[in-house]
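Below is one structure; the comments refer to it alone.
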Amino acid sequence: MTASTQPASATIQSISADNSLPEKKRPVLLAVLAHPDDETFGMGGTIAYYARRGVDTYLICATRGEAGDVDPAMLQGYDSIAERREAELRCAAGKLGLRQVFFLDYRDSGMPGSPDNHHERALVAQPCVRVAEEIARHIRQLKPLVVVTFDPIGGYHHPDHIAIHQATVHAFSLAGDPTAANLRDLPAFMPNKLYYQTIPRKFMRLMMRIMRLLGHDPHKFGKNKDIDLAAIAEVDFPTDAVIDYRAVADIRDEAAACHASQSASSLTGGVFAWLRRMLASKEIYMRAVPSPDGKVEHDLFQGIAELPPLRRL
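If you count by my numbering, then the sequence shown holds residues 10 to 322, one letter each, in order.
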């Protein structure tokens, strides 16, 4: 890999994180996602925010994004798409303040009907319990108070996102089960909270109307025109937590710039930029554990940890 094509230097150690709390007392947040760039475009504001509030943030990434489309010019100096996208993830991780990234080493799957889904190492081809046990092992080792992952439809019906959602839900229970047969070498640990990151459907419906006014088909959205906004908008999820990341929005933008190979088309990028303005730099979550009480939280650690004020380094 040549220095000229590698994304900006980014050690996975928390070069930007707030380490003002003693090592043994810092709470842990674990994000469990599918591809390089999910950590930034989905919940990058949340990760950057908590890394600067004394939280140790970690990421489990199931694949290296092998099935993604990358301009051949961007592969100069790289042996594969996977190598390029891993480098981009490590760049973004350094910007966000992630302490460490763990890869599950599965292969990226495509959207429904893609030949990539039939590869023997494809994430969607793996038994859910096998993936869940790997995630549960990391949970027992890291002891996160909070775990975050995709919503039940994987954001936009991506098979890998749905697979990771299902595996993470199973892993959350497995981690706390002392009778789990394949995990007995590690003490059981049950995190306090489990959240799913969502996009409010009222915004999705508004996006659809705008696309139609502009003469675009909302059933064929995204870089590859394989995202159906209408299908996404049919499913609504509750808003149980709202994280305002305006104080670290510039950091999230720096992390997004690391994922240059995944830059959206002008239409897609413009719509997402508009959506972000509508959300006013907020990331939305539904809470799975414990059961929501009808009150909207503004801190994922509310009720379980006292965090220091946000500190910009």
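All C-beta atoms in this analysis are idealised placements derived from N, C-alpha and C, irrespective of residue type, glycine included.
- [ ] Using alpha carbons as the reference points, say which of 298, 263 and 46 lies closest to residue 95.
- [x] As a first step, residue 95 must be located in the sequence shown, where it is residue number 86. Answer by Cα proximity: 46.
- [ ] Locate the alpha helix (DSSP H) running through residue 308, then write down its first and last residues.
- [x] Position 299 of the sequence shown, counted from the first residue, corresponds to residue 308. Note, residue 308: premise wrong, no alpha helix (DSSP H); not H, not E.
Task: residue 152 (DSSP reduced to helix, strand or coil) - done: As a position in the sequence shown, residue 152 is number 143, starting the count at 1. The answer is coil: DSSP assigns residue 152 none of H, G, I, E or B.
- [ ] Check whether the Cβ atoms of residue 316 and residue 64 sit closer than 8 Å, and answer yes or no.
- [x] As a position in the sequence shown, residue 316 is number 307, starting the count at 1. As a position in the sequence shown, residue 64 is number 55, starting the count at 1. When the beta-carbon positions are compared, residue 316 and residue 64 come within less than 8 Å of each other.
Open item on the list: For residue 295, report the span of its beta strand (DSSP E) as first-last.
Closed with: Looking up residue 295 in the sequence shown gives position 286. Counting along the chain, the beta strand (DSSP E) containing residue 295 begins and ends at 291-298.
Task: Other residues of its chain near residue 228: CB distance less than 6 Å, five sequence neighbours each side excluded - done: Position 219 of the sequence shown, counted from the first residue, corresponds to residue 228. Once the five neighbours on either side are set aside, the close Cβ partners of residue 228 are 237 and 239.
- [ ] Taking 8 Å as the cut-off, decide whether the C-beta atoms of residue 39 and residue 151 are in contact.
- [x] Residue 39 sits at position 30 when you count from the first residue of the sequence shown. Residue 151 sits at position 142 when you count from the first residue of the sequence shown. Contact flag set, yes.
- [ ] Give the secondary structure of residue 203 by DSSP, where H, G and I count as helix, E and B as strand, and everything else as coil.
- [x] Sequence index remark: in the sequence shown, residue 203 carries index 194 (1-based). Residue 203 falls in the strand class under three-state DSSP.
Open item on the list: Please tell me whether residue 207 and residue 115 are closer than 8 Å, where the distance is taken between their beta carbons.
Closed with: Working through the sequence shown from its first residue, we reach residue 207 at position 198. Working through the sequence shown from its first residue, we reach residue 115 at position 106. Cβ distance not < 8 Å, so residue 207 and residue 115 don't count as in contact.
TODO: Tell me whether residue 241 sits in a helix, a strand or coil according to DSSP, three-state version.
DONE: Translated into positions along the sequence shown, residue 241 becomes position 232. Three-state result, residue 241: helix.
TODO: Check whether the stretch 121-136 touches the stretch 83-102, counting contact only when three or more Cβ pairs, one atom from each stretch, lie closer than 8 Å.
DONE: no
- [ ] Please classify residue 61: is it buried, with 16 or more other beta-carbons within 10 angstroms of its beta-carbon, or exposed?
- [x] Taking the sequence shown and counting its residues from 1, the one referred to as residue 61 is at position 52. Buried: at least 16 other Cβ atoms inside 10 Å.
Task: Endpoints, the beta strand (DSSP E) within which residue 178 is located - done: What you label residue 178 is simply residue 169 of the sequence shown in a count that begins at 1. From DSSP, residue 178 is part of no beta strand (DSSP E) but of the alpha helix (DSSP H) over 168-184.
Task: Coil, strand or helix - residue 319 by DSSP - done: Here residue 319 refers to the residue found at position 310 of the sequence shown. Correct three-state label for residue 319: coil.
Task: Beta-carbon contacts of residue 171 that lie in its chain and below 7 Å, excluding the five residues immediately before and after - done: The count along the sequence shown starts at 1 and reaches residue 171 at position 162. The answer, listed in chain order, is 162 and 163.
Task: Pair within 8 Å by beta-carbon distance, residue 254 and residue 66 - done: Position 245 of the sequence shown holds residue 254. Position 57 of the sequence shown holds residue 66. Result no, Cβ atoms of residue 254 and residue 66 do not sit closer than 8 Å.
Task: Within 8 Å, strictly: CB atoms of residue 146 and residue 192 - done: On the sequence shown, residue 146 is found 137 positions in, with the first residue counted as 1. On the sequence shown, residue 192 is found 183 positions in, with the first residue counted as 1. Contact: yes.
- [ ] Run the CB neighbour count on residue 303, radius 10 Å, all protein chains shown included, and call it buried at 16 or more, exposed below.
- [x] Taking the sequence shown and counting its residues from 1, one reaches residue 303 at position 294. Under this definition residue 303 is an exposed residue.
Open item on the list: Looking only at its chain, what residues have a beta carbon closer than 7 Å to the beta carbon of residue 187, apart from the 5 residues adjacent to it on each side?
Closed with: Counted from its first residue, the sequence shown places residue 187 at position 178. Here the set comprises 197.
Open item on the list: Please identify the residue among 264, 215 and 174 whose C-alpha is closest to the C-alpha of residue 107.
Closed with: Along the sequence shown, read from residue 1 onward, the residue named residue 107 stands at position 98. Among 264, 215 and 174, the Cα nearest to that of residue 107 is on 264.
- [ ] Can you grab the Cα-Cα spacing for the pair residue 301 / residue 292, in whole Å?
- [x] Residue numbering aside, residue 301 sits at position 292 when the sequence shown is read from its first letter. Residue numbering aside, residue 292 sits at position 283 when the sequence shown is read from its first letter. When rounded, the distance between both Cα atoms is 17 Å.
- [ ] Let me know if residue 78 comes out buried or exposed under the rule of 16 or more other beta-carbons within 10 Å of its beta-carbon.
- [x] In the sequence shown, the residue the question calls residue 78 occupies position 69. The C-beta of residue 78 has fewer than 16 other C-beta atoms within 10 Å across all chains shown, which makes the residue exposed.
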